[in-house]
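Right, one structure below, let's go through it.
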Amino acid sequence: MGPAITIAIKDLALRMRDRSVFIVGLIAPLALAFIFNLVFGGAFGADELSLDVGVVVEDEGAAGEGLLGALRDMDSSGTLALTEFTSLSEAEEQVEEGTVGAVIHVPAGFSDAVAVNADTAVEVIGNVDAPTTTDIAAAIAREFAAGVRRTNLAVTTALSTGAVPPGDVAATIGDAASAAPLLGVGDIETESRQLNTATYFVAGLSIFFLFFIAGLGVTSMLEERREGTLFRLMAAPIRRRSIVLGKSLTSVVIGLVSMIVLVIASGIIMGAEWGPPLGVAMMVTSAVLAVVGVMTLVGGFAKTPEQAGNLQSIVAVTFGMLGGTFVPVAEGEGLMSSLRFVTPNGWFMRGLGDIASGDAMAALPSMGILLAMAAVTGGLGLALVRKVVHA
Amino acid sequence: MEAILQARGLKKRFGDLEAVRGVDLTIAPGETYGLLGPNGAGKTTSISMIGGLLERDGGEVVVNGAQMTTTSLAPKADIGLVPQDIAIYPDLTARENLRFFGRLYGVRGLELDRRSDEVLEVIGLTDRADDRASDFSGGMKRRLNIGIGLFHKPMLLILDEPTVGVDPQSRNAILESVEHLSDEGMAVLYTTHYMEEAERLCDRVGIIDQGEVKAEGTRRELVQLVGQLDRIRVSIAGSADGAIAGIRSLGGVSDVVSADGTIEILATNASEVLAPTLAAITTAGAAVHSVTIDEPDLEAVFLHLTGKALRD
């Protein structure tokens, strides 16, 4: 271990003198997160997941009341900022002006139409500049509509079996709606597990730039081979795996220091809220190991430092996009949302979300998967990289 | 005394190219051995196998009694390898470069400090010890390159063409450093394609070409091996006819020709016959104006052995 540490200390000294590591590891992620937060932070509040959502309920039945009640509850809990409009035209005006990001419109006669299975729909009007708010408003509307359909189905079933006299239909619908809320805060639990905006962007960008830092180990080994110093290391009375270990150690140390500084700095400067320090430290360590493993594997396919740099950049950007560095893919649906779990980024963000929600135990699977990624990719990567030190 | 290095039957092939074809080398403690050959002769490949950097296809290397392989640790500690290309960290200072490699060779604590000062003195970089190597001239970098190799006081210092691309002043400083180390008893394996360096530094020289050591020995042994003779030209005033027969009868003299006030003598060793030759000429009544001695050099030996010049 001694020679590996000696090599790591030397590499760290060199990296400190090459100030690019500060730019890539600290300044760039923090600055970009700050900018992203300024640009996109308007869709969210400063600290909580809060959306500027409007509602126009023209329906006078139980369904309309149910939605309004649920939205008011969300407003009270701070999940969203609700503005109630009396007319659709006024609401559309406010959406156009950007006062609210989206409006949910329940048309007149919605409850009655649902009761007799007539065509009707809940409408969402969104501002093009507030796609996230619009998406979430649409998700709320879908959940509401699904709830109404469930209620309707229950009532229809009751009527068809003769359990409810036809004259009591309206009362039965009202009872059903109040007995099982159409929409509640509990329905958006998954959203409440998300990080706040500042934390989200710092976390996403820090792991994105971590990929570039983590690649330094393999890249520097290829650089040393080109510069001739690797042969000098190989001529020394040390085991060749010490060289590889020393290089990997450098990546891990720089990655950890970078991430820890970012966590602390973002908390002080941007008000990022990461959750319990121990849980965050464990998640950060798992992510650093996973990313170092992935970058070691990717770099292992390269013959020159330039090749390694290019391959690593491609992987970093691809994983960054899939993993939700630039856009919150977790809120989407379908393939993109699933693909994030191929990346360390996705698991890192998910684990941090769990920790931030106060449920650190829920983050254990994410940590486990990150460590498994580290073991598999790191093991394969080291096997590939060892060929560099075997002439 | 047991040899510090014994390399027997070294072989290495790169694809279709047979780079080294059965090289044998033996170096005694304190001896300076020169491996002289043109670029591509197999010098660097041979020392890479000797230094445990390169897997060999055949043969064996024994350093200070221990088998050398690419995974050996003890024999590597006995060797200081100075690669042909400058292999230093430009962003570290001279002292930091030395200390880093010193640590890898197990030098620790106060010895690390003491040895750094000593080596910086030997390589003439004491005044620039704490400057980054990137600010050094090519010659200074070369000297630091050598300093790293000798930091841990190896029993065998391997220098691979250490003066390539170096200005004459730095070159001379490097050669003086090698002479100094040799005087202190360090065994040196010195590869070069500069005949003058091999002649100046080396106790024995191996002529290598196309992956084979064609011949080895002292300069004189090599010269004699290929039948080359020293040529002494003595310019005289007066007649020395009476001396010719006497000179011809001296041991080691193979021919004597006298014409136009010049006597030309071919001998196996000029230094051995010069004094009696001059004595015979003056005894015969002639006055000696000048003496010129042409000793055949290793260039001529190389040409004879390989059919081509060293710098071809």
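Residue numbers (the numbering used here), protein chains in the order written: chain A, 1 to 391; chain B, 1 to 312. We put the beta carbon where it would ideally sit given N, CA and C, even for glycine. Only a predicted model underlies this, so the values are computations on that prediction, with no experimental measurement involved.
Under 7 Å by beta carbon: chain A residues contacting residue i
| i | result |
| --- | --- |
| B/ARG103 | THR6 |
| B/LEU181 | By Cβ distance, chain A contributes nothing, its closest Cβ being about 18 Å from B/LEU181, past 7 Å. |
| B/GLY51 | ALA235 |
Inter-residue Cα distance where the pair is residue i and residue j
| i | j | result |
| --- | --- | --- |
| A/GLY98 | A/ASN127 | 7 Å |
| A/ALA70 | A/VAL284 | 37 Å |
| B/PHE101 | B/ILE174 | 20 Å |
| A/LEU364 | A/THR343 | 16 Å |
| B/GLY165 | A/ARG386 | 33 Å |
| A/MET234 | A/VAL389 | 7 Å |
| B/VAL213 | A/MET1 | 41 Å |
| A/GLU189 | A/VAL298 | Low per-residue confidence applies at A/GLU189: pLDDT is 41, beneath 50, and the placement is therefore not dependable, though the value from the model is reported in the following sentence. Computed Cα separation, rounded: 37 Å. |
| B/ARG143 | A/VAL257 | 37 Å |
| A/GLY309 | A/LEU216 | 9 Å |
| B/ASN172 | B/THR163 | 9 Å |
| B/LEU98 | A/MET367 | 42 Å |
| B/LEU201 | A/PHE212 | 49 Å |
| A/LEU222 | A/THR132 | 43 Å |
| A/VAL57 | A/ASN196 | 30 Å |
| B/GLU96 | A/VAL288 | 29 Å |
| A/GLY255 | A/GLY353 | 21 Å |
| A/GLU224 | A/LEU230 | 5 Å |
| A/VAL261 | A/SER206 | 10 Å |
| B/VAL288 | B/THR282 | 7 Å |
| B/LYS153 | B/VAL188 | 12 Å |
| B/LYS308 | B/GLY206 | 16 Å |
| A/LEU210 | A/VAL218 | 14 Å |
| A/PHE341 | A/GLY358 | 22 Å |
| B/ASP294 | B/ASP91 | 49 Å |
| A/ALA138 | A/GLY300 | 45 Å |
| A/PHE22 | A/VAL315 | 21 Å |
Per-residue contacts from residue i into chain A (C-beta, under 8 Å)
| i | result |
| --- | --- |
| B/PHE100 | THR6 and LYS10 |
| B/LYS11 | Those within 8 Å of B/LYS11 in chain A number zero; the least Cβ separation is about 15 Å. |
| B/GLY42 | Here the premise fails: no neighbours, minimum Cβ distance about 16 Å. |
| B/ALA77 | PRO237 |
Top-ranked residue by Cα proximity to residue i, from the options
| i | options | result |
| --- | --- | --- |
| A/ALA476 | A/VAL263, A/PRO107, A/ILE238 and A/SER313 | Nothing in the structure corresponds to residue 476 of chain A, since chain A is present only between 1 and 391. |
| A/ILE392 | A/ILE104, A/ARG149 and A/ALA28 | Residue numbering for chain A in the displayed model covers 1 to 391; residue 392 of chain A lies beyond these limits and cannot be assessed. |
| A/ALA375 | A/MET295, A/ASP18 and A/PRO3 | A/MET295 |
| A/PHE34 | A/ALA360, A/GLY54, A/ASP73 and A/GLY204 | A/GLY204 |
| B/GLY261 | B/ALA286, B/LEU274, B/ALA28 and B/ALA270 | B/ALA286 |
| A/SER77 | A/VAL95, A/ALA91 and A/LEU51 | A/LEU51 |
| A/GLY228 | B/ASP24, B/TYR89 and B/GLY42 | B/TYR89 |
| B/PRO38 | B/THR282, B/LEU278 and B/ALA198 | B/ALA198 |
| B/VAL257 | B/GLY211, B/GLY242 and B/ILE208 | B/GLY242 |
| A/ARG241 | A/ALA113, A/GLY381 and A/LEU68 | A/GLY381 |
| B/ASP85 | B/PRO276, B/VAL291, B/VAL188 and B/GLY139 | B/GLY139 |
| A/GLU92 | A/VAL55, A/ALA356 and A/LEU371 | A/VAL55 |
| B/GLY251 | B/GLU111, B/PRO296, B/SER271 and B/GLY185 | B/SER271 |
| A/ASN345 | A/GLU84, A/GLY324 and A/ALA360 | A/GLY324 |
| A/SER87 | A/VAL95, A/ALA81 and A/LEU80 | A/VAL95 |
| A/ALA63 | A/GLY271, A/VAL106, A/ALA13 and A/VAL116 | A/VAL106 |
| A/PHE144 | A/VAL122, A/THR134 and A/ASP135 | A/VAL122 |
| B/SER134 | A/THR79, A/ARG17 and A/ALA356 | A/ARG17 |
| B/LEU73 | A/ILE268, A/ILE269, A/ILE238 and A/PHE110 | A/ILE238 |
Closer than 8 Å at the beta carbon, the chain B residues around residue i
| i | result |
| --- | --- |
| A/ILE238 | LEU73 and LEU104 |
| A/ARG232 | LEU81, PRO83, ALA87, PHE101 and ILE148 |
| A/LEU14 | TYR89, ASP91 and LEU92 |
| A/ARG350 | Simply none; closest approach about 40 Å. |
Chain B residues whose Cβ lies nearer than 7 Å to that of residue i
| i | result |
| --- | --- |
| A/PRO305 | Simply none; closest approach about 15 Å. |
| A/PRO3 | LEU104 |
| A/ARG17 | ASP91 |
Under 9 Å by beta carbon: chain B residues contacting residue i
| i | result |
| --- | --- |
| A/GLU227 | ASP85, ILE86, ALA87, ILE88, TYR89 and PRO90 |
Cross-chain neighbours of residue i in chain A, by beta carbon under 9 Å
| i | result |
| --- | --- |
| B/ALA129 | None at all; the shortest Cβ gap to chain A is about 16 Å. |
Would you call the stretch 213-229 of chain B and the stretch 51-71 of chain B in contact, with 3 or more CB pairs under 8 Å? With a cut-off of 8 Å, the stretch 51-71 of chain B and the stretch 213-229 of chain B do not count as touching, because too few Cβ pairs lie within range.
Within 8 Å, do at least three Cβ pairs link the stretch 103-112 of chain B to the stretch 174-194 of chain B? No: the two stretches stay apart, fewer than three of their Cβ pairs being nearer than 8 Å.
Segments assigned beta strand (DSSP E), at least 3 residues, entirely inside the stretch 86-136 of chain A: Considered as a whole, the stretch 86-136 of chain A harbours 102-106 and 123-126 as its complete beta strand (DSSP E) runs of no fewer than 3 residues, in chain order.
Cβ contact check for the stretch 245-254 of chain A and the stretch 7-17 of chain A: 3 or more pairs under 8 Å: By the Cβ rule, the stretch 245-254 of chain A counts as touching the stretch 7-17 of chain A, because three or more pairs are nearer than 8 Å.
Tell me the start and end of each unbroken alpha helix (DSSP H) in the stretch 276-353 of chain A that is at least 4 residues and wholly inside, in chain order. Listed in chain order, the alpha helix (DSSP H) runs fully inside the stretch 276-353 of chain A are 277-300, 305-323 and 335-339, counting runs of at least 4 residues.
Inter-stretch contact at 8 Å, needing at least 3 Cβ pairs: the stretch 182-197 of chain B / the stretch 224-240 of chain B: Touching, no, given that fewer than three Cβ pairs across the two stretches are closer than 8 Å.
Would you call the stretch 19-33 of chain B and the stretch 275-282 of chain A in contact, with 3 or more CB pairs under 8 Å? Contact between the stretch 19-33 of chain B and the stretch 275-282 of chain A is absent, because fewer than three Cβ pairs lie under 8 Å.
Minimum length 4: unbroken alpha helix (DSSP H) runs contained in the stretch 158-217 of chain B: List check, alpha helix (DSSP H) in window: 168-183 and 195-201.
Could you say if the stretch 70-83 of chain B and the stretch 118-136 of chain B meet the contact criterion of at least three C-beta pairs nearer than 8 Å? Counting Cβ pairs under 8 Å, fewer than three are found: no touch.
Decide if the stretch 11-24 of chain B is in contact with the stretch 52-60 of chain B; the criterion is three or more beta carbon pairs, one per stretch, under 8 Å apart. Output reads yes: the stretch 52-60 of chain B touches the stretch 11-24 of chain B.
Continuous alpha helix (DSSP H) assignments of at least 4 residues falling wholly in the stretch 232-279 of chain A: Segments of the alpha helix (DSSP H) lying fully in the stretch 232-279 of chain A: 240-270.
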